[in-house]
Amino acid sequence: MDLSGLRIAVIGTGANGASVGADLIRAGLDVTFIEQWPAHVEAMRDHGLTVHLPDETQVTEVRPFHVCQVAELREPFDIVLSSVKTYDTRWTAELIRPLMRETSVFVGLQNGMTIDAVAEILGPERSIGCVLGIAANMYEPGVVVREFAPADTWFSVGTLSGERTERLEQVAAVLSHAAHVEIADDIRSAKWMKLIANIPEMLPSAILGVPLLEAARTPGVRPVMDAMSREAYALAIDLGITMMPTLGKTADQVPDSDQYALDLLDTILESFSRPTTRVAVLQDWEKGRRAELDAFSGYIVEQRARLGGRAPVNEAVLRIAERVERGELTPSPANVDLLVGALGA
């Protein structure tokens with residue numbers, strides 16, 4: 001497939017967006033970076049983007065623009081890869097809409113259920129969902145630590161309708177330079193599978209202020225994680241979500257019970273985590289930024305409430321995370337008793 005004529009934008013060039021974008025540039029594709037962190041933009045302009053991979057370090061020349069410069073751009077993009085925080089998705093879609101053709105697509109290269117928000121703004125035919133199996137960190141402007149090489153990274157993409165369009169095929173081909181890519185016939189369910197996997201990892205390990213593997217091994221914490229997983233699974237079932245293979249699993253590895261939710265966390269821990277892997281929520285807090293609480297336990301609590309019920313363990317963990325956001329708590333292993341106490345909610 002000839003991809004050379006495609007114009008691609010990556011909006012949100014943090015650890016994930018930048019490392020994926022660098023892979024596409026190194027494959028010879030036409031890629032523009034759009035970023036809202038001024039220091040990161042300047043560092044990439046001055047020194048290129050440095051990506052530390054497990055076996056090598058790559059420095060890639062990139063073309064970065066600050067979000068305030070988007071109004072200066074004139075040529076439309078065919079594919080927009082969005083790797084912003086979930087709470088930034090709506091305004092990002094509005095920002096880039098003048099630079100999209102009727103045939104352009106907006107790919108949610110992010111965690112969380114953002115496909116509907118994009119569809120409301122740009123139309124369902126231009127919203128493509130993506131499930132990510134990637135681990136990367138960014139501790140300083142212009143430098144990414146990617147913990148798995150592209151050959152060990154996994155994505156799944158799909159349209160809201162399930163149709164395999166030409167543009168979807170192009171998206172899959174583009175992203176194949178950064179990961180192993182599958183096309184999902186039911187992207188909503190596929191996104192839910194990743195959400196179920198994310199729920200137990202994001203807030204607990206961030207609240208403890210430690211890498212994910214260390215959090216999961218902390219006495220008393222895994223039962224909290226498992227309870228959060230079960231609540232997310234039960235909600236998905238009540239919403240009519242189809243349990244399906246994801247993160248490299250096969251159909252015969254999908255049990256007809258909430259054991260599947262626990263299995264997904266095991267997959268994240270065993271196949272997509274290193275001893276240094278820090279979840280996105282913790283990375284945000286360490287940078288003094290607001291985290292995506294609405295995308296994880298906040299989403300579970302909200303959706304369960306809409307059905308007239310509660311997800312008590314997720315709600316209790318969410319309240320602890322909100323205390324961190326308000327500055328009442330600091331991410332620390334000292335919070336373990338608070339976290340374990342969520343089981344009694």
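Under UniProt numbering, the residues of the sequence shown are numbered 1 to 345, in order. Think of the CB as a built atom: it goes at the ideal place given N, C-alpha and C, for glycine as much as any other residue. Note that the structure is predicted; figures quoted are calculated from it, not measured.
Where P38 is concerned, the enclosing alpha helix (DSSP H) starts and stops at 38-47. In this structure, S83 keeps its C-beta atom at 8 angstroms or more from the C-beta atom of F106. The UniProt domain "Ketopantoate reductase N-terminal" (8-156) contains, as complete beta strand (DSSP E) runs of 3+ residues, the segments 30-35, 49-52, 57-60, 64-66, 77-82, 100-108, 127-133, 136-140, 143-146 (chain order). With contacts defined by Cβ atoms closer than 8 angstroms, L160 and I115 form a contacting pair. Assignment of beta-bridge partners to E182 by DSSP yields S156. Rounded to whole angstroms, the Cβ separation of I183 and L168 is 7 angstroms, and the two are in contact under 8 angstroms. With the rule of 3 Cβ pairs closer than 8 angstroms, the region 269-288 counts as touching the region 133-144. When C-alpha distances from P312 are compared across V157, A232, H52, L132, the shortest belongs to A232. Ranked by Cα distance from D294, the options I187, Y87, H47 are led by Y87. The way I'd put it, the region 213-231 does touch the region 329-336; three or more beta-carbon pairs between them come closer than 8 angstroms. Between the region 57-75 and the region 18-35, the count of C-beta pairs closer than 8 angstroms reaches three or more; the two stretches touch. In this structure, the CA atom of G21 is about 18 angstroms from the CA atom of V70. Within the same chain, and ignoring the five residues on either side of R274 in sequence, the residues whose Cβ sits closer than 6 angstroms to its Cβ are E147. In terms of Cβ geometry, V171 and G129 do not form a close pair [threshold 8 angstroms]. When DSSP states are grouped into helix, strand and coil, I187 belongs to the helix group.
If you draw a 10 Å sphere on the C-beta of Q253, you find fewer than 16 other C-beta atoms in it, and that means exposed.
Sorting L343, P38, I8 by C-alpha distance to the C-alpha of R222 places L343 at the top. Your pair A117 and R90 checks out as a contact, with CB atoms roughly 5 angstroms apart and the cut at 8 angstroms.
Secondary structure at R306: helix, using DSSP grouped into helix, strand and coil.
If you check the CB distance, V80 and I25 do not come in under 8 angstroms.
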